[in-house]
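Written below as structure tokens is the structure these notes are about.
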Amino acid sequence: MHRRLNVTLPEETIRLIDRVATKGDRSRFIDEAVRHFVRGRRLRELRARVKEGAQKRAERDLRIAEEWAVLKEKPW
Numbered sequence: 012m013h014r015r016l017n018v019t020l021p022e023e024t025i026r027l028i029d030r031v032a033t034k035g036d037r038s039r040f041i042d043e044a045v046r047h048f049v050r051g052r053r054l055r056e057l058r059a060r061v062k063e064g065a066q067k068r069a070e071r072d073l074r075i076a077e078e079w080a081v082l083k084e085k086p087w
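In case it helps, my numbering puts the sequence shown at residues 12 to 87.
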């Protein structure tokens with residue numbers, strides 16, 4: 012399903028679109044550009060969350076390793 016949408020863009024942006032999209036193809040080009048942008052943003056957000064989780068796990072793992080190191084040094 013498609014819906015018509017009125018959007019106001021700067022002249023420079025319209026010139027950029029017209030350089031790469033044929034006149035009858037603006038809608039498809041804008042659709043692809045928006046989808047590409049959103050996918051990229053989601054991927055960056057996912058990478059940031061994965062990195063944050065990995066850092067938290069690394070801190071936890073380091074604490075556990077330090078606790079075990081102390082136990083390992085104690086004579087049993």
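Beta carbons are placed, not taken as given, at the ideal position from N, Cα and C, and that holds for glycine.
All values derive from a computational prediction rather than experimental measurement.
Quiz item: Are the beta-carbon atoms of Phe40 and Ile28 separated by less than 8 Å?
Solution: yes
Quiz prompt | N- and C-terminal bounds of the alpha helix (DSSP H) containing Thr19 | solution = No alpha helix (DSSP H) contains Thr19, which DSSP labels as neither H nor E.
Quiz prompt | Uninterrupted beta strand (DSSP E) stretches inside the region 30 to 56 (no shorter than 3 residues) | solution = Runs found: none.
Practice problem: Pick helix, strand or coil for Arg60, following the three-state DSSP scheme. | Solution: helix
Quiz prompt | Spatial distance of Ala65 from His47 (CA atoms) | solution = 27 Å
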